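Those letters in the sequence shown? Residues 1 to 541, by the numbering used here. Even glycine gets a Cβ: it sits at the ideal position worked out from N, Cα and C. Everything numeric in this text was worked out from a predicted model, so none of it was measured.
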Amino acid sequence: MSVLKAKLAPHFSLRVPTQSGKYGSRWSNKDLDPVPPEERTWGGIDYWAYWCSDMLAPPLAATVSSVMALGFTARETIPIVFFGFAICSVVITLTGKMGATYNVPFPVIVRSMFGMYGSFPAICIRAFVALMWTAILTVQAGNFLQRCLEAIWPSFINFPNHLPESAGVTSAELLCIFLYWFGQTALALMPISKLRVLFWVKGVIVPPTFLALFLWAVIVTKGGGELVTGHYKITSTYMNTAYSALTGLNVIIGLFSSLAVNMPDFGRFSKNRLRGGHQFLALPIIGTLGALTPIFVTSAHSYIWGEFEWYMPAVIAKFDSRAAKFFVSASFILATIGNQVAAGTYPFSNDITGMLPNYINIRRATIFISIFCIVSTPWNIIKNSTGLLAFLSGYSCLMGPLAGTMVCDYYIIKKGKLNVDQLYTDRGIYWYNGGWNWRAFASFILGFAPLLPGFAKSIQRDLNVGGAWKIYTFAWIFGFFLSFSIHYVINTYISKPTESIIEEAVLPPQLGDESSQIIEGEDGNVKEEYITKEKEISNIV
């Protein structure tokens with residue numbers, strides 16, 4: 001009987017096989033370890049395809065509508081969009097280079113800043129954003145699938161509804177959400193290396209769809225319509241002041257403020273350490289050009305049907321051409337899947353893995369987030385632009401201080417020099433005090449604390465918080481620079497973390513050199529030290 005149990009035990013174990021991790025420790029598994037040299041295949045064009053996949057999707061339209069809901073015309077919105085993405089792109093490039101240098105994901109790189117256990121709160125903050133966006137996009141994609149089915153079978157428009165109005169969703173919508181959910185889950189379970197093909201397919205199909213919609217709107221309105229020319233301004237409950245512009249800027253930054261901290265998840269696949277300025281240029285160029293389409297389409301909707309409509313499934317539902325309805329909807333389904341994987345499912349699954357590597361891997365975390373997409377009833381979340389505005393601004397309050405602490409610690413305090421082996425080592429140089437780096441948490445909390453009153457007012461508009469709401473209008477920028485400055489002062493003048501500051505960076509093996517340890521010296525030149533297996537194991541332990 002005991003022999004039988006011994007044979008069956010591995011099949012019923014909840015643990016991820018330890019042998020799948022290079023380091024064989026509780027901080028390591030195959031999904032978290034440095035990307036092998038042969039899998040570092042992403043070049044500049046791959047990252048542009050990735051940004052096309054991430055940017056050209058429904059969240060961009062919703063974010064632009066949130067900015068215009070502040071009372072701005074299209075001509076005023078476009079500069080806000082460009083500069084918001086440009087600011088965010090600087091930080092995304094800096095954090096992306098962290099992962100590209102050491103070929104490790106966000107949950108591993110953040111251990112060097114917050115400590116081995118201290119990385120857990122940072123992971124949770126980032127993971128929550130991905131969790132919510134993935135659920136929200138499942139509803140929108142289900143609505144696009146509904147338009148596809150209506151184009152094929154027009155009778156589907158009259159699909160009987162057996163749900164009460166209080167449910168927040170109709171029977172047809174719920175059916176389409178589940179149909180999409182099955183397909184999305186199947187794709188999300190594929191390895192990210194294979195999903196690179198998905199980004200390429202989307203990069204070929206979706207941009208022409210955005211361009212076609214843009215040209216259609218321009219032709220129909222004979223130049224853009226009142227929303228574009230500035231003859232019409234959306235009524236807003238916000239004051240159209242400089243603070244309104246800062247709020248709009250903050251909303252745009254908020255769209256990708258989460259990726260500003262976890263870009264190492266994708267940067268680690270770079271074959272050339274993200275060399276060149278392409279990474280910085282991709283976000284503002286693709287984002288600004290992409291923002292033109294929802295603005296012009298909304299203006300065309302008003303020109304034809306007499307009211308503004310930002311929700312693309314609702315716009316597509318009014319198309320007369322069944323072919324146009326089908327192909328545009330199908331393209332937006334592809335756009336949503338790409339966005340969900342790039343900004344939601346994969347970052348969440350990858351990051352949560354960093355908390356319990358022996359029990360959670362990317363596949364298990366993906367199953368969890370897929371289930372959450374249904375049980376959270378996300379159709380009750382996406383009600384109006386005001387709610388979305390509060391949500392975007394709210395989490396940017398946390399993302400700004402987190403990004404500021406990370407960038408300062410890596411580039412200023414540690415000067416980009418980490419020991420990749422120690423990132424997987426228990427009680428190593430990144431253990432700090434009991435696995436927590438209090439300096440990083442002090443910087444993060446002090447950078448976030450002044451934003452709390454404004455965050456409360458964004459949720460409860462009638463709260464009186466004095467002038468604190470004015471700081472909140474540019475929450476991400478304020479939090480980033482405040483945490484950056486505080487972290488520098490603490491680590492330079494109050495308590496220097498000498499044990500984690502090293503003279504030479506220890507990098508993962510490079511292509512064709514699997515048995516060597518790569519060390520980057522003070523002069524920035526890379527040199528190799530060949531080490532025996534016994535010494536390598538002793539360093540890890």
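What do you reckon, are the CB atoms on residue i and residue j nearer than 8 Å?
i	j	result
residue 507	residue 102	yes
residue 67	residue 80	yes
residue 293	residue 210	yes
residue 352	residue 127	yes
residue 616	residue 342	This structure cannot speak to residue 616, because the chain is shown only from 1 to 541.
residue 454	residue 476	no
residue 55	residue 410	no
residue 135	residue 378	yes
residue 369	residue 187	no
residue 78	residue 291	yes
residue 405	residue 443	yes
residue 479	residue 451	yes
residue 607	residue 482	Beyond the ends of the chain as shown, which are 1 and 541, falls residue 607; an answer cannot be given.
residue 34	residue 129	no
residue 41	residue 271	yes
residue 115	residue 416	no
Let me check understanding here. Comparing Cα to Cα, which of the options lies closest to residue i?
i	options	result
residue 400	446, 429, 493 and 227	446
residue 295	53, 73, 112 and 45	73
residue 268	481, 437 and 108	108
residue 498	505, 432 and 457	432
residue 542	438, 52 and 26	Here the chain has residues from 1 to 541 only, and residue 542 is not among them.
residue 281	482, 410, 89 and 165	89
residue 263	98, 303 and 187	98
residue 180	140, 224, 427 and 32	140
residue 248	62, 486 and 443	62
residue 363	354, 373 and 350	350
residue 427	215, 131 and 500	500
residue 473	397, 490 and 422	397
residue 484	439, 120, 408 and 441	408
residue 374	345, 178, 214 and 275	178
residue 202	275, 328, 106 and 321	328
residue 324	165, 213, 110 and 131	213
residue 321	365, 44, 154 and 184	154
By Cβ distance, which residues of its chain are closer than 6 Å to residue i, with the 5 residues on each side in sequence left out?
i	result
residue 384	Bear in mind that a pLDDT of 49 at residue 384, under 50, signals an unreliable position, so the model cannot answer this.
residue 536	Bear in mind that the predicted position of residue 536 carries a pLDDT of just 37, short of 50, making it unreliable; the figure below should be weighed with that in mind. Hits under 6 Å: none found.
residue 200	49
residue 265	105, 106, 347 and 350
residue 523	Legend: pLDDT at residue 523 = 45, less than 50; position of this residue unreliable, no value from coordinates given.
In its own chain, which residues sit with a C-beta less than 7 Å from the C-beta of residue i, not counting the 5 before and 5 after it?
i	result
residue 85	252, 283, 284, 287 and 288
residue 298	227, 308, 309 and 310
residue 326	148, 151 and 152
residue 318	305
residue 419	429, 502 and 506
residue 82	284 and 288
residue 339	53, 54, 57, 59 and 137
residue 259	92 and 343
residue 412	488
residue 312	58, 61 and 332
residue 170	161 and 163
residue 376	135
residue 9	Because residue 9 carries a pLDDT of 45, less than 50, the predicted location of this residue cannot be relied on, and no value is offered for it.
residue 422	428, 429 and 430
residue 273	97, 100 and 101
residue 250	393, 396, 473, 474, 475 and 476
residue 463	456 and 457
Going by beta carbon distance, what residues of the same chain come within less than 8 Å of residue i, once the five residues before and after it are set aside?
i	result
residue 331	205, 206 and 209
residue 176	142, 143, 145, 146 and 149
residue 301	307, 308, 309, 315 and 318
residue 490	439, 442 and 443
residue 14	359
Q: Counting only runs of 4+ residues fully inside the stretch 98-159, write out the alpha helix (DSSP H) ranges in chain order.
A: 106-109, 111-114 and 119-152
Q: Any chance you could list the beta strand (DSSP E) runs of at least 3 consecutive residues sitting entirely within the stretch 286-313, in chain order?
A: none
Q: Could you tell me which uninterrupted alpha helix (DSSP H) segments, each at least 4 residues in length, are contained entirely in the stretch 422-458, listed from first to last along the chain?
A: 438-448
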